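Down below is the structure, laid out as structure tokens.
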Amino acid sequence: MHARPSSVLVKEASGFQSEFFIKLHGYKVNGKSILGVMTLAAEYGAELELIFEGDDENEALKKITELFNNKFKTD
Amino acid sequence: MSPVSIEITGRPASQGIGIGKTKRLVKKQQVIQPEKINPADVKYHLEKVKKAKEILNSDFEDLKKLTKDPEAEKILEAQIQLLHDPELEKLINSKIENDHYTAIYAIFSSFNQYIEILNSASPDWASERTIDLSSIRDQFLKAIENKKERFSVQSGDIVFAEEISPTAMIRLSDVKIAGLVLQKAGLTSHAVILSQSLGIPCVIGAHWNKTALRDNMDAIVDGTKGKVILNPEDNYIKQFKSLQKDQESKRKTILKWASKPNRTKCGSEFTVRANIEFLEELPRLVTHGANGVGLLRTETLLFEAEEFNVNDQVEFYKKVVEASGDYPVTIRLFDAGGDKLLSDYETEANPFLGWRGIRMLLDNKSLLKKQLEAIYRLSGNYKGRVKLLVPMITGIEEIESVKSVCAEVEKKLKNASIPYDESMQFGVMIEVPSTVIMAQSIAKKVDFFSIGTNDLTQYTLAVDRGNDKISDLFDSDHPAIWKMIKMTVDAAQKEGIPVSVCGEMASKPEAAACLLGLGIKELSMNPASIPGVKSMVCNKTLLEMKKISDEVLKSEKVSDVHRIFKNGLKEK
Chain X
785 MHARPSSVLV KEASGFQSEF FIKLHGYKVN GKSILGVMTL AAEYGAELEL IFEGDDENEA
845 LKKITELFNN KFKTD
Chain E
174 MSPVSIEITG RPASQGIGIG KTKRLVKKQQ VIQPEKINPA DVKYHLEKVK KAKEILNSDF
234 EDLKKLTKDP EAEKILEAQI QLLHDPELEK LINSKIENDH YTAIYAIFSS FNQYIEILNS
294 ASPDWASERT IDLSSIRDQF LKAIENKKER FSVQSGDIVF AEEISPTAMI RLSDVKIAGL
354 VLQKAGLTSH AVILSQSLGI PCVIGAHWNK TALRDNMDAI VDGTKGKVIL NPEDNYIKQF
414 KSLQKDQESK RKTILKWASK PNRTKCGSEF TVRANIEFLE ELPRLVTHGA NGVGLLRTET
474 LLFEAEEFNV NDQVEFYKKV VEASGDYPVT IRLFDAGGDK LLSDYETEAN PFLGWRGIRM
534 LLDNKSLLKK QLEAIYRLSG NYKGRVKLLV PMITGIEEIE SVKSVCAEVE KKLKNASIPY
594 DESMQFGVMI EVPSTVIMAQ SIAKKVDFFS IGTNDLTQYT LAVDRGNDKI SDLFDSDHPA
654 IWKMIKMTVD AAQKEGIPVS VCGEMASKPE AAACLLGLGI KELSMNPASI PGVKSMVCNK
714 TLLEMKKISD EVLKSEKVSD VHRIFKNGLK EK
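These protein sequence lines map, in sequence, to chains X and E.
Numbering of the first sequence is given in our numbering, commencing with residue 785 and proceeding in unit increments.
Numbering of the second sequence is given in our numbering, commencing with residue 174 and proceeding in unit increments.
So, in structure tokens, the structure goes:
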């Protein structure tokens, strides 16, 4: 994943209590870590599995899904 | 005994003379040895990491407040985010807690671990400038060593560096340095553009590392000639000081021309626009009196963007249009290739005769469509103010191909009910001799011509300006070039379309006067040159300029043209 979208994703995810992990090809990284997300090397069109665990997991899921759908534009 | 004076020659990058003390900004490649600590000291080392992080954090925050550039702000935000990365923190802490390494080694090796992973995961991440891991690592290390002189450049220093990162440049722009000397960097790098807009004399391609340069030596930087003098003799300093004064007062007088109306002595109007590549240059549109942007270069967008998307482009273009007041902006499609070759493309034997400009774009339809879509979307909000310019056209076939792609984009936007300017002007660069010869046929197909004198010169005279052995043959004042410009103007006038000149030629006052004499009404140049050009052409009547161009067209040798420009015309 490129630096800019990674940065947006991590910023949003860090606002939630829940733990957040991203899985790709059996590889799992902390979604609140910009370095973690960048090491995923996710190409455009890659299928990612998003895992949320915590009290606000539903809100987090909603917000992050939105982010992916809007191609990481925040406004 | 006074020390020996040393002269270093480089390339001029930002005009002016700087006199001050030398200061090197050297990237030290430090290697930290793995050292173990006493388990009792774990807490102390964890605390050290935390403190260094706080120092760095407040440094970055301070810088963020200082900068007004949104791009720089984004870079700093990303750096702050990285500083607080939970995985990085875990790794560093575990190296201290579990492996009992020193804080400094824990930081060093943790960063390196990530640099290695990222290098193997996606080799091109390092070319992205948003997050420079090794630079943050080094700043972190310095913070933990509690080195106070982390950035000890003072006002009046002449800074010597290999190259300068955008963040370092933001810091430097706050301290009023006297000059900048770089070993690397190109004429269009951020550092150079910023030093121009801040009026800091700058020389690039100067191999100061091969001299006995130390900090705190007396030095002179001549950004106009591309020279650096270390340990100058006293009378030299005197000379340069008076030269500096002259230049300064001349610059001030000339700058007054920026706000004067664009009218020749006889009252005939003309237009002067700016060539722009970076957002940092935009404030100069107003200060230097540009009537909008006559050439917006978009290559940097392509090279620096991590991901090429339509929205980011629209945002970039929007900022340029907004900064142009009510004036138009001419956006040139990516003119990549040649000397600006993308790294992952194969090198060509003759890049300037190769796969570049519109040739590359027509082979990369998705890229072309994305750019056209961005420009069309923009035009919907600024009707009549956005113009499209196609580079490296050699014939009508290419114009037809680009137009059919435009039609596809228009159809897509129409179907999606997205507004665009249906009468957006479509122009082509005249930079290949074939288009000059075919100018009249081409003029029937397009709304305007823009003459790129640099490329037209190199293609007409068959000279590679980068080749030292023959670079003196590269001269836009060659009579053949003037005749070609004349042919282009004639063809355009017959078909009733406007011609502008956006090459380096337009920025030279004498040549600019000659261009107006040929009947050209629009010039586009780097903003810094506008006042000087205006000081020349506002002081002449069209008839006087016509006489100059008549004389130039009669010339048979380059030296004849030079003489006309140097001596002016004899009054009869």
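Backbone N, C-alpha and C fix where the C-beta goes; we use that ideal spot for every residue, glycine too.
Since the model is a prediction, treat every value here as computed from it, not as a measurement.
Neighbour-count burial assignment, residue i, 16 or more Cβ in a 10 Å radius
i                      : result
residue 389 of chain E : exposed
residue 625 of chain E : buried
residue 577 of chain E : exposed
residue 421 of chain E : exposed
residue 517 of chain E : With a pLDDT of only 47 at residue 517 of chain E, under the threshold of 50, the placement of this residue in the model should not be trusted; the figure read from the coordinates follows. Result: exposed.
residue 159 of chain E : For chain E, the structure presents residues 174 to 745; residue 159 of chain E sits outside this window and is missing.
residue 193 of chain E : buried
residue 859 of chain X : Residue placement at residue 859 of chain X cannot be trusted, given a pLDDT of 48 that sits under 50; what the coordinates show is reported in the next sentence. Its Cβ having fewer than 16 others within 10 Å, residue 859 of chain X is exposed.
residue 484 of chain E : exposed
residue 680 of chain E : buried
residue 684 of chain E : buried
residue 511 of chain E : Residue placement at residue 511 of chain E is poorly supported in this model, since its pLDDT is 46, which falls under 50; the coordinates are not used for a value here.
residue 632 of chain E : buried
residue 619 of chain E : buried
residue 351 of chain E : buried
residue 584 of chain E : exposed
residue 523 of chain E : exposed
residue 526 of chain E : exposed
residue 440 of chain E : exposed
residue 773 of chain E : Chain E is shown from 174 up to 745; residue 773 of chain E falls before or after that span and cannot be answered.
residue 232 of chain E : buried
residue 745 of chain E : Note that residue 745 of chain E scores 39 on pLDDT, short of 50, meaning its location in the model is unreliable; the coordinates nonetheless yield the value given after this. Exposed.
residue 832 of chain X : exposed
residue 195 of chain E : buried
residue 225 of chain E : buried
residue 723 of chain E : exposed
residue 682 of chain E : buried
residue 818 of chain X : buried
residue 235 of chain E : exposed
Residue i, enclosing beta strand (DSSP E) - first and last residue
i                      : result
residue 193 of chain E : 190-198
residue 838 of chain X : Note, residue 838 of chain X: premise wrong, no beta strand (DSSP E); not H, not E.
residue 673 of chain E : 672-674
residue 738 of chain E : It is not in any beta strand (DSSP E) - residue 738 of chain E instead sits in the alpha helix (DSSP H) that spans 731-740.
residue 354 of chain E : 352-355
residue 505 of chain E : 502-505
Distance between beta carbons of residue j and residue i, contact taken as under 8 Å
i                      : j                      : result
residue 548 of chain E : residue 559 of chain E : 6 Å
residue 219 of chain E : residue 253 of chain E : So it is not a contact: roughly 21 Å between Cβ atoms.
residue 355 of chain E : residue 364 of chain E : 7 Å
residue 366 of chain E : residue 453 of chain E : 6 Å
residue 692 of chain E : residue 666 of chain E : 7 Å
residue 430 of chain E : residue 707 of chain E : 4 Å
residue 461 of chain E : residue 700 of chain E : 4 Å
residue 493 of chain E : residue 464 of chain E : Actually they do not touch by this definition, with Cβ atoms about 14 Å apart.
residue 565 of chain E : residue 602 of chain E : 7 Å
residue 865 of chain X : residue 816 of chain X : The requested residue 865 of chain X is not part of the displayed model; chain X covers only 785 to 859.
residue 384 of chain E : residue 181 of chain E : 6 Å
residue 317 of chain E : residue 276 of chain E : 6 Å
Terminal residues of the alpha helix (DSSP H) in which residue i lies
i                      : result
residue 754 of chain E : This structure cannot speak to residue 754 of chain E, because chain E is shown only from 174 to 745.
residue 348 of chain E : Run containing residue 348 of chain E: none; DSSP gives neither H nor E here.
residue 580 of chain E : 569-588
residue 155 of chain E : The first residue shown for chain E is 174 and the last is 745, placing residue 155 of chain E beyond what the model contains.
residue 650 of chain E : Segment: none, residue 650 of chain E is in no alpha helix (DSSP H) and carries neither H nor E.
residue 633 of chain E : 626-634
residue 687 of chain E : 682-690
residue 485 of chain E : 483-496
residue 232 of chain E : 215-239
residue 525 of chain E : Taken as a continuous stretch (DSSP letters only), residue 525 of chain E belongs to no alpha helix (DSSP H), as it is neither H nor E.
residue 679 of chain E : Careful: residue 679 of chain E lies outside any alpha helix (DSSP H) and carries neither H nor E.
residue 258 of chain E : Segment: none, residue 258 of chain E is in no alpha helix (DSSP H) and carries neither H nor E.
residue 531 of chain E : 531-536
residue 311 of chain E : 306-317
Which residues DSSP lists as bridging residue i, in chain order
i                      : result
residue 711 of chain E : In DSSP, residue 711 of chain E forms no bridge with anything.
residue 814 of chain X : X:805
residue 563 of chain E : E:601
residue 831 of chain E : Past the edges of chain E, shown from 174 to 745, lies residue 831 of chain E, and the structure says nothing about it.
residue 180 of chain E : E:402
residue 623 of chain E : E:602, E:673
residue 746 of chain E : Any question about residue 746 of chain E goes unanswered here, given that chain E covers just 174 to 745.
residue 704 of chain E : Residue 704 of chain E pairs with nothing; no bridge assigned.
Checklist entry - In chain order, which beta strand (DSSP E) runs of at least 3 residues are fully inside the region 446-472 of chain E? => result 466-469
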